[in-house]
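The structure under discussion appears below in the form of structure tokens.
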Amino acid sequence: MTVWSKCSASISILSLSRINKLPPIQNLSSRRFSAQMSTASSPFQITHSITLPTQPTEPVTVVAAPGVSDADFRNAIGCSLFEQWLKNIQSEKGLLADGSLSLRQVLIQGIDMFGKRVGFLKFKADVIDKETGQKVPGIVFARGPAVAVLILLESEGKTYTVLTEQVRVPVGRPVLELPAGMLDDNVGDIFGTALREVEEETGIQLKLDDMVDLTLFLDPSTGNKVIPSPGGCDEELSLLLYRGSVGADVIKQLQGKETGLREHGELIKVHVVPYDTLWHMTPDAKVLMSIAIYEMAKKEGLLPHKN
1 MTVWSKCSAS ISILSLSRIN KLPPIQNLSS RRFSAQMSTA SSPFQITHSI TLPTQPTEPV
61 TVVAAPGVSD ADFRNAIGCS LFEQWLKNIQ SEKGLLADGS LSLRQVLIQG IDMFGKRVGF
121 LKFKADVIDK ETGQKVPGIV FARGPAVAVL ILLESEGKTY TVLTEQVRVP VGRPVLELPA
181 GMLDDNVGDI FGTALREVEE ETGIQLKLDD MVDLTLFLDP STGNKVIPSP GGCDEELSLL
241 LYRGSVGADV IKQLQGKETG LREHGELIKV HVVPYDTLWH MTPDAKVLMS IAIYEMAKKE
301 GLLPHKN
């Protein structure tokens, strides 16, 4: 590890038949598992019943799509992603709050495990408008909360931003982004995750005391999170800010630096760009949302003084 001597003090480099024998899943109000006859090609269908406090006379049937094993099904309905989604739709401002909508069925379509925990969950929810009897769009890609960091470095009278260039298979090309990472669960350590991801992706070590949560400047009704794609994904982002001063040699060392955890498939290159041109240099929503909140908070005088 190399330490930047000219940096500020706060930054440095560096099976079905057994389904009823499985233990019960915690935290849902009422459950019932069953294996039902389905089709000749798929003789059994795994189902699960949930009774929600918001609709006690209308149990929700959770169904495994063809190809989803009983183990994956149990992991899916017991994971924090699914539990949090159920909590969200029953909250004070949730879909089921005023009684105009009803959740009838959830089809578990796919699951990706990150080690021993559920990383991504794909399901379809049949939410019915009681007045019309019609379904509302209900395809969900659940990935949970994440955090990103806007790093602003002043050097020789100019402000720079640290970005990462990563291979992004979903969009088919590399994208310049803020350093970011997923939280382990819905009660994960936002700041701890941010510090760890910044170090892994850029080699920079930041101090917790120098971080500012930009999303706390949003109205409490937002949950103090930003939601990049609410039409299809549950992801909620906390956007953090770091401001520091460094020498020109630090900017040079960072530019083009190759980082990332190669054993996890991370192929990352660091880019340092002038902040005043940042807004039109990348399509990354994390960058653009961070700029918007940062600039408005600065305009309103909400940002704390730098140490």
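Take the sequence shown: its letters are residues 1 to 307, numbered as in UniProt numbering.
Backbone N, C-alpha and C define an ideal beta-carbon position, used for all residues, glycine too.
These numbers come from a predicted model, not from an experiment.
If you draw a straight line from the C-alpha of residue i to the C-alpha of residue j, how long is it?
i	j	result
N224	S238	8 angstroms
Y294	A180	17 angstroms
G192	Q205	12 angstroms
L163	V118	28 angstroms
G138	L254	43 angstroms
V212	W279	20 angstroms
A97	M281	41 angstroms
V136	L103	10 angstroms
E200	G188	18 angstroms
I291	Q105	40 angstroms
Q84	K93	14 angstroms
Y275	P283	15 angstroms
G157	G78	52 angstroms
V147	K207	16 angstroms
G115	T57	38 angstroms
F44	L288	48 angstroms
V60	G133	16 angstroms
R143	S80	10 angstroms
D129	V171	34 angstroms
K299	D219	16 angstroms
T222	G301	21 angstroms
F82	E131	27 angstroms
Keeping to the same chain, check which residues put their C-beta closer than 6 angstroms to that of residue i; ignore five residues upstream and five downstream.
i	result
C233	F141
A64	I46, F73 and I108
D209	none
I190	V147 and S238
A194	V147, V149 and L240
If you follow the alpha helix (DSSP H) that residue i is part of, which residue opens it and which one closes it?
i	result
L81	S80 to I89
M281	It is not in any alpha helix (DSSP H) - M281 carries neither H nor E in the DSSP assignment.
T202	I190 to T202
D249	A248 to L254
Taking the beta strand (DSSP E) that residue i belongs to, which residues open and close that run?
i	result
K269	I268 to P274
F141	I139 to A142
L163	K158 to R168
S245	L237 to S245
residue 332	Because the chain here runs from 1 to 307, residue 332 falls outside it and cannot be looked at.
P174	R173 to E177
D112	L101 to F114
G181	A180 to M182
T51	Run containing T51: none; DSSP gives neither H nor E here.
L150	A146 to S155
D213	M211 to D213
V62	V60 to A64
Taking the CB atoms as reference points, tell me whether residue i and residue j lie closer together than 8 angstroms.
i	j	result
A248	S155	yes
F123	L107	yes
V149	V226	no
L267	Q166	yes
T259	G203	yes
L183	P145	yes
S229	E235	yes
H48	V68	no
So, for residue i: in the same chain, excluding its five sequence neighbours on each side, which residues have a beta-carbon less than 8 angstroms away from its beta-carbon?
i	result
N75	I111, M113 and V118
E256	Residue identity check: residue 256 is Gly in the sequence provided, not Glu. Here the set comprises K269, V270 and H271.
G231	P137
K286	A148, E177, L178, A180, P228, L237 and L239
I251	L153, S155, Y160 and V272
R196	G181
T277	none
What residues in its chain sit with their C-beta under 7 angstroms from that of residue i, if we drop five residues either side in the sequence?
i	result
P23	Only weak support is given to the placement of P23: the predicted model assigns it a pLDDT of 39, under 50, and the value that follows is read from those uncertain coordinates. Cβ within range, chain order: n/a, list empty.
M216	In the sequence on display, residue 216 carries Leu and not Met. Around L216: N224.
R243	L152 and K306
L95	I89, L101 and V127
A297	L214, F217 and L303
A125	L103, V106, G138 and V140
R168	P174 and V175
Open item on the list: Quick check: the segment 46 to 57 against the segment 72 to 92, are at least 3 beta-carbon pairs closer than 8 angstroms?
Closed with: yes
TODO: Determine contact between the segment 166 to 182 and the segment 267 to 286, defined as no fewer than three beta-carbon pairs at a distance below 8 angstroms.
DONE: yes
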